[in-house]
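Asks: Chains as they are written, first to last, in this note's numbering: chain A, 57 to 304; chain B, 57 to 304.
Protein chains: 2
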Amino acid sequence: MPFELYYWPGPPGRGEFVRLAFEAAGAEYLDIARLPKSDGYGMPALMRALEAKGDPLPPFAPPFIKDGDLTISQVANILQYLGPRLNLVPREERLRPVAHGLQLTLCDLVAEVHDTHHPIDWSRTYEAQKEPAKARAEAFRRDRIPKHLGYFERVAAANQSGWTVGASLTYVDLSIFQVLEGLAYAFPRAMDGAPGRCPSLYAIAARVREHPRIAAYLASPRRQAFNETGIFRRYPELDGSAGWDEAG
Amino acid sequence: MPFELYYWPGPPGRGEFVRLAFEAAGAEYLDIARLPKSDGYGMPALMRALEAKGDPLPPFAPPFIKDGDLTISQVANILQYLGPRLNLVPREERLRPVAHGLQLTLCDLVAEVHDTHHPIDWSRTYEAQKEPAKARAEAFRRDRIPKHLGYFERVAAANQSGWTVGASLTYVDLSIFQVLEGLAYAFPRAMDGAPGRCPSLYAIAARVREHPRIAAYLASPRRQAFNETGIFRRYPELDGSAGWDEAG
């Protein structure tokens, strides 16, 4: 039975971290909201699953997956659940909680990216909070991009395998690839200095991009472009220099 | 060997979710930064662990724990790691990823609480961002408190055991207790209507409070009061009515 992924159609968003895992493993999955309504899928199916009438353990928000009758919520939790099933965790058991901790920190970074365009009110448009968004994005570029990427670069550089943690490709590498893609889309000026400062991370991203199944996926119509309905949005007024040299 | 908890001294903060787990289980732990500097602990020990010189898998930020030579970061990850060791997870294996998903959503709520007083710039004071904080707190009270607590109430009410998930006390119950305590401290007016709307959650919190080891802990000097250096801060200008009746 294929896995079922429930996520908003339109942007790659948080769902993309889960799609990359399925695609890297060549696993069968249904991207429910992007399948035809006429086949019983699409937005109505997503909304029904989200409402979860009568389900004692409903999801809070997309993305979530269903594996049989079990609903698993939250990107990092989904990846941890899928990891051993898709062979995308460190083979060494003791490194698995470390990998999960790294993924959770990447998810925090993604939440911070979201709040650069929605610093005040998640139910209103970006246009309704443009001024505070500028200030939040400035602090994000100054402090948070260098702090986060500097941290992951340190971890990746210390690992000798060419992957972030452990000896083989894991979901953490896939997520680092996606975060670098998203940051380059949303903050091209801030990210200008990133490859020189984070060579290990960019080497990992290149390896992910060349992974045969990922390369095929990226060339397929299943891969969605970033756009201004997602987490990573290109608003030139939020971009600018990053604080590479001030950060610790 | 006792577990070691690394967290900022001063506020209960995110470290408290981990302390409650240790305390409920009667586990031995060292709260490193709160122990005497003269014994080799205190802030210098926390800063050394955070710097993690030569450690290929350093933490990103407190809280983290050490269990032997392993460092585990991120509240939900720490609780998941400790859970089976402290008998604070559902006995039924298949419910454990569900419990972890609930904990991750509670951690998201905690991050949202932080951003009510720091919506723009985490490196500056609350006073430097008071006006956007008012707007963010208003949206938080209107939409997010009812959405989050309504969700957890639905989950808790559907479970027949008197606990949030599974048949016995888990770390999720401890965290719900702490979140309700924190919200009552930070937003007393917004939370005025919460007990009537979330009876199952308040019943769980009461059961946690009466748990013999937790009751002893709450009466001890180890339990720290909320204050304005933590996540949950009492700034009356950020409090006000909550959107109980508008939320879905």
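Every residue gets a Cβ at the ideal spot worked out from N, C-alpha and C, and that includes glycine. Quantities reported herein were computed from a predicted structural model and do not represent experimental measurements.
Beta carbon of B:GLY71, beta carbon of B:LEU61: below 9 Å?
Replies: For B:GLY71 and B:LEU61, yes; Cβs fall inside 9 Å.
Asks: List, in order along the chain, the chain B residues whose C-beta lies closer than 8 Å to that of A:PRO153?
Replies: Here the neighbours are LEU126, ILE128, ASN133, GLN136 and TYR137.
Asks: So, using beta-carbon positions, are A:HIS204 and B:PHE120 closer together than 9 Å?
Replies: Result no, Cβ atoms of A:HIS204 and B:PHE120 do not sit closer than 9 Å.
Asks: Does the contact criterion of 3 or more C-beta pairs under 8 Å hold for the stretch 75-91 of chain B versus the stretch 238-255 of chain B?
Replies: Judged by Cβ distances under 8 Å, the stretch 75-91 of chain B makes no contact with the stretch 238-255 of chain B, as fewer than three pairs qualify.
Asks: How long is the line joining the alpha carbons of B:GLY299 and B:PRO202, rounded to whole angstroms?
Replies: Cα to Cα, the separation comes out at about 6 Å.
Asks: Bridge partners of B:LYS122, per DSSP?
Replies: Partner(s): B:GLU60 and B:THR127.
Asks: Among the residues of its own chain, which have a CB less than 6 Å from the CB of B:GLN280, if the five just before and after it don't count?
Replies: Once the five neighbours on either side are set aside, the close Cβ partners of B:GLN280 are PRO68.
Asks: Quick check on the burial criterion: 16 or more other C-beta atoms within 10 angstroms. Buried or exposed for B:LEU162?
Replies: Answer is buried; the Cβ neighbour count reaches 16.
Asks: Give the DSSP bridge partners of B:LEU86, in chain order.
Replies: B:GLU60.
Asks: Does the stretch 248-257 of chain B come within contact of the stretch 208-221 of chain B, defined as at least 3 CB pairs closer than 8 Å?
Replies: Short answer: they touch.
Asks: Drop a sphere of 10 angstroms on the beta-carbon of B:ASP301, count the other beta-carbons inside from all chains shown, and report buried for 16 or more, exposed for fewer.
Replies: Its Cβ having fewer than 16 others within 10 Å, B:ASP301 is exposed.
Asks: A:ASN283 by DSSP, collapsed to three states: which one?
Replies: A:ASN283: coil per DSSP, three-state reduction.
Asks: Indicate whether A:PHE59 and A:LEU230 have their beta-carbon atoms separated by less than 9 Å.
Replies: No, the pair does not count as a contact, with Cβ atoms beyond the cut-off.
Asks: When we look at the beta-carbon of A:THR285 and count the other beta-carbons within 10 Å, is it buried (16 or more) or exposed?
Replies: Counting Cβ neighbours within 10 Å, A:THR285 comes out exposed, since fewer than 16 surround it.
Asks: Between B:LEU22 and B:ALA77, what straight-line distance do the alpha-carbon atoms span, to the nearest angstrom?
Replies: What the structure shows of chain B is the stretch from 57 to 304, and residue 22 of chain B is not part of that stretch, so it cannot be assessed.
Asks: Short of 7 Å in beta carbon distance, which residues of its chain neighbour A:TRP219, apart from the five on each side in sequence? Order them along the chain.
Replies: Within the same chain, A:TRP219 has close Cβ partners LEU225, THR226, ASP229 and ILE260.
Asks: Hey, B:ALA155 and B:VAL145: beta-carbon distance below 9 Å or not?
Replies: For B:ALA155 and B:VAL145, yes; Cβs fall inside 9 Å.
Asks: Flag A:ILE176 as yes if its beta-carbon sits less than 9 Å from any beta-carbon of chain B, otherwise no.
Replies: Closer than 9 Å to some Cβ of chain B, the Cβ of A:ILE176 qualifies, so yes.
Asks: How about B:LEU274: is its C-beta nearer than 9 Å to some C-beta of chain A?
Replies: Closer than 9 Å: no.
Asks: Given A:PRO65, which residues of its chain have a CB within under 6 Å of its CB, disregarding the five upstream and five downstream residues?
Replies: Only ALA89 and ARG90 meet the Cβ criterion.
Asks: Helix, strand or coil: how does DSSP classify B:GLY304 here?
Replies: Interpretation of B:GLY304 is limited by its pLDDT of 45, a score under 50 that renders its predicted location unreliable; no figure is taken from the coordinates.
Asks: Tell me which residue opens and which closes the alpha helix (DSSP H) that A:LEU102 is part of.
Replies: From DSSP, the alpha helix (DSSP H) with A:LEU102 extends over 98-107.
Asks: Taking the alpha carbon of B:LYS186 as the reference point, which residue from B:ILE128, B:GLN136 and B:LEU294 has its own alpha carbon closest?
Replies: Checking every option, the nearest Cα to that of B:LYS186 belongs to B:LEU294.
Asks: Please list the terminal residues of the continuous alpha helix (DSSP H) segment that includes B:GLN159.
Replies: 152-173 is the span of the alpha helix (DSSP H), which, as asked, contains B:GLN159.
Asks: Just to check my reading of the structure: B:ASP171 and B:ARG192 have Cβ atoms closer than 8 Å, yes? What is that Cβ distance to the nearest angstrom?
Replies: Yes, they are in contact, since the Cβ atoms of B:ASP171 and B:ARG192 sit about 6 Å apart, within 8 Å.
Asks: I want to verify the contact list: residues of chain A whose CB lies under 7 Å from the CB of B:PHE116, in sequence order.
Replies: The answer, in chain order, is THR161 and TYR207.
Asks: When burial is assigned at 16 or more other CB atoms within 10 Å of the CB, is B:GLN136 buried or exposed?
Replies: When all chains shown are included, B:GLN136 counts as buried.
Asks: Just tell me which of B:LEU151, B:ALA250 and B:PRO114 has its CA closest to the CA of B:LEU126.
Replies: Checked all of B:LEU151, B:ALA250 and B:PRO114; the closest Cα to B:LEU126 is B:PRO114.
Asks: Please report how far the alpha carbon of B:VAL169 lies from the alpha carbon of B:GLY249, in whole angstroms.
Replies: C-alpha separation (whole angstroms): 18 Å.
Asks: B:VAL166 versus chain A: which residues are under 7 Å apart at the beta carbon?
Replies: Those do not exist, as B:VAL166 stays about 12 Å from chain A at its closest Cβ, beyond 7 Å.
Asks: Please report whether the beta-carbon of A:GLY249 lies at a distance below 9 Å from any beta-carbon of chain B.
Replies: Answer no: the Cβ-Cβ gap between A:GLY249 and chain B never drops below 9 Å.
Asks: What do you get for A:ALA132, buried or exposed, if any count of 16 or more other CB atoms within 10 angstroms of its CB means buried?
Replies: It is buried - the Cβ of A:ALA132 has at least 16 other Cβ atoms within 10 Å.
Asks: From B:PRO175 to A:PHE196, what distance separates their C-alpha atoms?
Replies: Whole-angstrom Cα-Cα distance: 11 Å.
Asks: Spatial neighbours of A:ILE232 within its chain, please: C-beta separation below 8 Å, excluding the five flanking residues on both sides.
Replies: Excluding residues within five positions, the ones whose Cβ falls inside 8 Å are LEU162, PHE208, ALA212, THR220, LEU257, ILE260, ALA261 and VAL264.
Asks: Using a Cβ-Cβ cut-off of less than 7 Å, give me the residues of the stretch 184-201 of chain A that come near chain B, in sequence order.
Replies: Hits within the stretch, in order: PRO188, ALA191, ARG192, ALA195 and ASP199.
Asks: Among residues of its own chain, excluding the 5 on either side of A:GLY98, which ones have a beta-carbon nearer than 7 Å to its beta-carbon?
Replies: ALA89, LEU91 and PRO92, listed in sequence order.
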